[in-house]
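Worksheet: the structure to be examined is printed underneath.
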Amino acid sequence: MLNPVRPGGTRQARLRTVEVRLDRCRDLPRQLRALSEHGEDPARGRVRPAEEVDG
Numbered sequence: 082m083l084n085p086v087r088p089g090g091t092r093q094a095r096l097r098t099v100e101v102r103l104d105r106c107r108d109l110p111r112q113l114r115a116l117s118e119h120g121e122d123p124a125r126g127r128v129r130p131a132e133e134v135d136g
């Protein structure tokens, strides 16, 4: 659980980190579905770096 009172914007940084991780988790099932729908091997799916994932 996030601590509601952290000085210096730490809470916002932590929230951003959690958002990025969540985006990466959501990306993998989408990726697997897309590969499968286009006749490609879903085993090629991988957890991608944050820079490659659209939020």
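If you read the sequence shown in the numbering used here, its first letter stands for residue 82, the second for the next number, and so on.
Using N, Cα and C, we set each Cβ at its ideal position, and we do this for glycine too.
Leaving out five residues on either side along the sequence, give the residues of the same chain with a beta carbon under 7 Å from the beta carbon of V137.
One cannot answer for residue 137 here, as it falls past the ends of the chain, which runs 82 to 136.
In angstroms, rounded to a whole number, what distance separates the CA positions of V99 and R114?
Rounded to whole angstroms, the gap between the alpha carbons of V99 and R114 is 24 Å.
Within the continuous alpha helix (DSSP H) that includes V99, where are the two ends?
91–118
State the CB to CB distance for the pair V101 and A131, rounded to an integer number of angstroms; the pair is presumed to be in contact (CB under 8 Å).
5 Å
Quick one: grab the DSSP three-state call for R129.
coil
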